[in-house]
Amino acid sequence: MNGVVVVSPHLDDAVFSAGATIAALGEVSVVTVFAGDPLPEQSTGWDRASGFSSSSEAMAARRDEDLAALDALGASAIHLGLLDNQYGGCSPEAVIESLHREIARLTPDLVIGPLGVGHPDHITTREALLADPPPCDLWLYADLPYCTYRWRGESRTHRRLRREGHHLDVAHPRLGNSQAKLTAIGRYRSQASLFKLDRLTVPERFWHVQPRRSAPVVHRARAAG
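Below, the structure written as structure tokens:
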């Protein structure tokens with residue numbers, strides 16, 4: 021492969037869900053969708069539980085954690101400026117446009133995104149990838165830890181995608197590097213303690229998806245300024 025893009029809703033999801041595989045794939049860029057700072061700044065329950073007093077403190081620290089974690093896997097980090105659900109979110113169209121632009125710039129051979137279980141931002145990210153599929157192979161990964169808690173939600177998601185006309189087959193990536201993943205998880209110091217480690221170290225799972233045929237998404241150029 022000349023290059024792989026792994027799409028991460030938040031600043032940890034790609035590593036939690038696919039870190040061992042990322043470490044084994046070679047040239048990988050991890051694109052985190054919801055990595056922006058809300059203005060004015062906020063203070064949310066999740067950020068306080070993570071040890072932060074404000075959204076600006078949280079996002080700055082979490083971006084630094086992500087850089088350190090991906091360095092442990094030999095991957096590069098790209099942080100988009102969209103707001104995650106806890107800060108008010110953004111439109112689905114903004115996610116589609118941002119991902120389209122970044123994937124077009126990177127021209128990967130493979131894009132790997134979330135199956136979309138357990139969190140609205142994961143669902144939004146998956147829907148954006150399926151609404152405007154990349155011109156290359158597309159895989160979805162099992163969202164960890166959510167798929168370990170909500171197996172019925174995972175099953176419902178599979179059924180829904182198939183009803184919508186998407187075809188999914190189990191994908192078998194090369195053997196991953198579990199030790200590198202453990203090291204990377206440990207670098208998310210504010211987040212790793214909020215999850216049980218055994219929920220993040222279960223075998224990683226992937227599906228190759230052939231999106232349904234639909235009308236192409238029209239990307240309109242935005243005026244500068």
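Just so we're aligned, residue 21 is where the sequence shown starts under my numbering, counting upward by one.
No residue lacks a Cβ here, since even glycine has one placed at the ideal position from N, Cα and C.
Remember, it's a predicted structure, so these values are computed and weren't measured experimentally.
{"query": "Pro165 CB to nearest heavy atom of the ligand SAM below 7 angstroms", "result": "By its list of ligands, the structure shown contains no ligand whatsoever, and the ligand SAM lies outside what it can speak to."}
{"query": "Contact under 8 angstroms by Cβ, Val137 with Arg170", "result": "yes"}
{"query": "Beta-bridge partners of Gln230, as assigned by DSSP", "result": "His187"}
{"query": "Run of the beta strand (DSSP E) containing Gly23, from where it starts to where it stops", "result": "Here Gly23 belongs to no beta strand (DSSP E), and DSSP marks it neither H nor E."}
{"query": "Three-way DSSP call (helix, strand, coil) for Ala131 in this model", "result": "Contrary to the premise, residue 131 reads as Val rather than Ala in this sequence. If DSSP states are grouped into helix, strand and coil, Val131 belongs with the strands."}
{"query": "Collapsed DSSP secondary structure at Glu117 in the structure displayed", "result": "helix"}
{"query": "Three-state secondary structure (DSSP) of Val12", "result": "Because the chain here runs from 21 to 245, residue 12 falls outside it and cannot be looked at."}
{"query": "Helix, strand or coil at Ala81 [DSSP, three-state]", "result": "helix"}
{"query": "Given Leu126 as reference, the closest of Leu220, Leu149, Val51 and Phe215 once Cα atoms are compared", "result": "Val51"}
{"query": "Counted within 10 angstroms of its Cβ, other Cβ atoms place Glu113 as buried (16 or more) or exposed", "result": "exposed"}
{"query": "Separation of Gly23 from Pro155, as counted between CA atoms", "result": "13 angstroms"}
{"query": "Three-state class that DSSP yields for Gly138 in the structure shown", "result": "coil"}
{"query": "Own chain partners of Arg172 with C-beta closer than 6 angstroms, once the 5 adjacent residues on each side are dropped", "result": "none"}
{"query": "Cβ distance (whole Å) where Ser75 is taken to contact Glu61 below 8 angstroms", "result": "5 angstroms"}
{"query": "His239 - DSSP class collapsed to helix/strand/coil", "result": "Caution applies to His239, whose pLDDT of 49 falls short of 50 and renders its modelled position unreliable; the model cannot decide the point."}
{"query": "Trp171 - partner residues in DSSP beta bridges", "result": "The partner list for Trp171 (beta bridge, DSSP) is empty, contrary to what the question assumes."}
{"query": "Classification of Ala97 by the beta-carbon crowding that lies within 10 angstroms, buried from 16 upward", "result": "buried"}
{"query": "Short Cβ contact (8 angstroms threshold) for Asp157 with Leu130", "result": "yes"}
{"query": "Nearest-angstrom Cβ-Cβ length linking Val229 and Leu188, presumed shorter than 8 angstroms", "result": "5 angstroms"}
{"query": "DSSP three-state assignment for Ser198, whether helix, strand or coil", "result": "helix"}
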